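In this note's numbering, the protein residues as written are 1 to 145.
As structure tokens, this is what we get:
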């Protein structure tokens with residue numbers, strides 16, 4: 001089951017995000033305040049970030065985060081699949097595919113779904129390709145402030 005994160009899920013969300021950022025799926029950890037700030041923003045509004053808990057057999061199996069933006073190039077709304085984390089013991093059960101299916105249905109007006117993945121995360125890349133994702137021939141650049 002995939003459901004929206006609620007105020008009562010704070011500690012679970014924080015635990016999951018700390019696990020995710022300590023994993024090989026990301027380049028580096030983030031300050032702990034980023035985890036709490038993300039939760040607070042989800043509870044304040046869905047304008048920037050939406051969060052989901054993924055449950056399996058009555059246990060918390062993982063979480064996902066999405067964000068929305070607009071792309072002139074894509075011709076409309078874009079949903080960024082910000083994070084998807086499935087705990088190791090729950091992987092290969094179709095939960096990632098279920099998450100993508102639900103997010104796609106909920107965002108039926110989106111013209112593009114976009115995500116980032118570490119090149120070494122071959123299992124995630126295989127899932128994304130099976131779901132129809134392809135490489136974007138752009139160089140991603142950022143400027144943190």
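All C-beta atoms, glycine included, are put in the ideal place defined by N, C-alpha and C.
All of these numbers come straight from a predicted model, not from anything done at the bench.
Asked                                                                                                                                                                         : Found
For residue 150, count neighbouring C-beta atoms within 10 Å of its own C-beta (all shown protein chains included) and say buried if the count is 16 or more, exposed if not. : The requested residue 150 does not occur in the structure, where the chain is confined to residues 1 to 145.
Could you spell out where the alpha helix (DSSP H) holding residue 39 opens and where it closes?                                                                              : 32-44
For the ligand NAD, is there a heavy atom less than 7 Å away from the beta-carbon of residue 70?                                                                              : Looking at this structure, you won't find the ligand NAD or any other ligand, since it has none at all.
Which of the three DSSP states is assigned to residue 16 in this structure?                                                                                                   : helix
Report the residue from 107, 57, 52 and 37 whose alpha carbon sits nearest the alpha carbon of residue 151.                                                                   : A question about residue 151 goes unanswered here, because the residues of the chain that appear run from 1 up to 145.
Under the assumption that residue 49 contacts residue 38 (Cβ atoms under 8 Å), give the Cβ distance between them as a whole number of angstroms.                              : 6 Å
Which residues in the same chain as residue 123 place their Cβ atom closer than 8 Å to its Cβ, once the five residues preceding and following it in sequence are excluded?    : 91
Should residue 52 be labelled buried (16 or more other beta-carbon atoms within 10 Å of its own) or exposed?                                                                  : buried
Compare the beta carbon distance of residue 101 and residue 78 with 8 Å and say whether it is the shorter of the two.                                                         : no
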